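For our numbering, count along the sequence shown from 1 and bump the result up by 102. Working notes, structure below.
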Amino acid sequence: MTNQELVKRAQSVLFQNYRTQPIALVRGEGTWVWDADGKRYLDFIGGIATVSVGHANPRVREALMEQARLLWHASNLYVTEPQVRLAEKLTAQTKTLKRAFFCNSGTEANEAMIKLARHYQVVNGHPERIEILCFHNSFHGRTLGSLAATGQPKYQQGFGPLPAGFRFLEYGDTKAVEAAVSDKTCAVLLEPIQGEAGVLPPPRGYLSRVRELCTKHGALMLLDEVQTGMGRTGAYFAHQHERIEPDAMTLAKGIAGGVPLGALLAREDVAKVFTPGTHASTFGGNPLATAAASAVMDLLSEGLLERVQRAGERLSLRLAGVGGRSSGERGAGLLRALLLSEDLAPKVVAKARELGLLVNAIGERVVRLAPPLTVTDEEIDRATELLAEAVAKA
Numbered sequence: 103m104t105n106q107e108l109v110k111r112a113q114s115v116l117f118q119n120y121r122t123q124p125i126a127l128v129r130g131e132g133t134w135v136w137d138a139d140g141k142r143y144l145d146f147i148g149g150i151a152t153v154s155v156g157h158a159n160p161r162v163r164e165a166l167m168e169q170a171r172l173l174w175h176a177s178n179l180y181v182t183e184p185q186v187r188l189a190e191k192l193t194a195q196t197k198t199l200k201r202a203f204f205c206n207s208g209t210e211a212n213e214a215m216i217k218l219a220r221h222y223q224v225v226n227g228h229p230e231r232i233e234i235l236c237f238h239n240s241f242h243g244r245t246l247g248s249l250a251a252t253g254q255p256k257y258q259q260g261f262g263p264l265p266a267g268f269r270f271l272e273y274g275d276t277k278a279v280e281a282a283v284s285d286k287t288c289a290v291l292l293e294p295i296q297g298e299a300g301v302l303p304p305p306r307g308y309l310s311r312v313r314e315l316c317t318k319h320g321a322l323m324l325l326d327e328v329q330t331g332m333g334r335t336g337a338y339f340a341h342q343h344e345r346i347e348p349d350a351m352t353l354a355k356g357i358a359g360g361v362p363l364g365a366l367l368a369r370e371d372v373a374k375v376f377t378p379g380t381h382a383s384t385f386g387g388n389p390l391a392t393a394a395a396s397a398v399m400d401l402l403s404e405g406l407l408e409r410v411q412r413a414g415e416r417l418s419l420r421l422a423g424v425g426g427r428s429s430g431e432r433g434a435g436l437l438r439a440l441l442l443s444e445d446l447a448p449k450v451v452a453k454a455r456e457l458g459l460l461v462n463a464i465g466e467r468v469v470r471l472a473p474p475l476t477v478t479d480e481e482i483d484r485a486t487e488l489l490a491e492a493v494a495k496a
């Protein structure tokens, strides 16, 4: 079938809640995808930072096929080896987060983390500590709890009343967080880089200061690494660039190379408050998804992190040289944004697609790039050439 035919079918049966582009993707390999008309594209959004090790990665495919011959699903009524194996690999990469809970998505992981923080304070004799400090322009998901913690009113309008107990601060403002954290604070929830705000990093040292304040006042430091984790910034987890340790952290997106999976990691003393009956997930940590994620972890440990660091530097330099109506770039590793001096982002995305490049607009003046971590130098150079052309012609 053609793009047009598939788009028409989709419009007749699917909820129309996405700004879907007018192409139907049917195949992928590495950094490339093909649509139903046979046109090839460089994929520099990677399923929104999710296709971490490339489309149809042979190692992930092999892990899925091997596990599919054994066991697809058992629920968490029983132990499954792939889940245990993945938990061991994830917790081995942190100094303090030694327990893992698995679910199916980033918003589910954040819901679990919010519940964990509130319950931790209750179990430790402080049921009055319910306030969670969050940040303007943040994004934590679209279920009600994570939506209430999201600092973008446009996503919240029409869905009230939302759960209470969330207070919003300016991201990156050290004085604001110093004034807000107190002995009544339950937790501070933030992203190491605000992805949906336009790939916005905080000032150097900001995360360390938040860590100090949480420790001083007995509040939990909660990090949403759904978009920044799993090697995306050149470290296993973005907070490791500042050499801090949170009390809990969420992962999803690239964790299983595109297979749906979310994870919550926490300190031993924090995790233990989730006793039987407090939280659960039927599909969470199923053998297929965790086998795929273990393959991704293996690839990261075999030199891919170092590759991301080099590729990120190259992409940064190439984006800085786009010129024209661009006004710079920002980000870390292979999570980057091209900044525009005019309200052009949606037009740039459309023109880039015509030229054979897939990217993503955040607002009117930011184009987000999150290619597979396996992207080659040649693909980076070609993508930035196409992007420069798209900016010029938009």
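C-beta atoms are modelled at their ideal positions from N, C-alpha and C, and glycine is treated no differently. Quick caveat, the model's predicted, so the values are computed rather than measured.
Whole beta strand (DSSP E) elements within the region 306-358, 3-residue minimum: As for any beta strand (DSSP E) of minimum length 3 sitting wholly inside the region 306-358, the runs are 322-326 and 350-353, ordered along the chain.
Exposure of residue 112, with buried meaning 16 or more beta-carbon neighbours within 10 Å: Residue 112 should be labelled exposed.
Span of the beta strand (DSSP E), counted from its first residue to its last, around residue 298: Annotation for residue 298: no beta strand (DSSP E) segment contains it, and DSSP assigns it neither H nor E.
Beta-carbon gap between residue 389 and residue 176 smaller than 8 Å: Yes, these two residues count as a Cβ contact at 8 Å.
Integer Cβ distance of residue 469 from residue 451, believed to fall under 8 Å: Contact holds; Cβ gap of about 7 Å.
Cβ-based burial, residue 103 [other Cβ within 10 Å; buried from 16]: Classification of residue 103: exposed, given that the 10 Å Cβ count is below 16.
Where residue 173 falls: helix, strand or coil (DSSP): Correct three-state label for residue 173: coil.
Between the CA atoms of residue 224 and residue 412 - distance to the nearest angstrom: A direct Cα-to-Cα measurement between residue 412 and residue 224 gives close to 45 Å.
Start-to-end residues for the alpha helix (DSSP H) that takes in residue 224: In the DSSP annotation of this structure, the continuous segment of the alpha helix (DSSP H) that includes residue 224 starts and ends at 208-225.
Straight-line gap, residue 121 to residue 233 (C-alpha atoms, nearest Å): Taking the Cα positions, residue 121 is about 34 Å away from residue 233.
Residue 371 burial status per 10 Å Cβ neighbour count (16 or more: buried): Classification of residue 371: exposed, given that the 10 Å Cβ count is below 16.
Which of helix, strand or coil DSSP assigns to residue 114: The answer is helix: DSSP assigns residue 114 an H, G or I state.
Test item: CB-CB of residue 356 and residue 406 under 8 Å: No.
According to DSSP, residues forming a beta bridge with residue 135: Under DSSP, the beta-bridge partners assigned to residue 135 are 130 and 143.
Among 483, 480 and 456, nearest to residue 72 - alpha-carbon criterion: Nothing can be reported for residue 72, as the shown portion of the chain is limited to 103 through 496.
Exposure of residue 283, with buried meaning 16 or more beta-carbon neighbours within 10 Å: Its Cβ being crowded by 16 or more others within 10 Å, residue 283 is buried.
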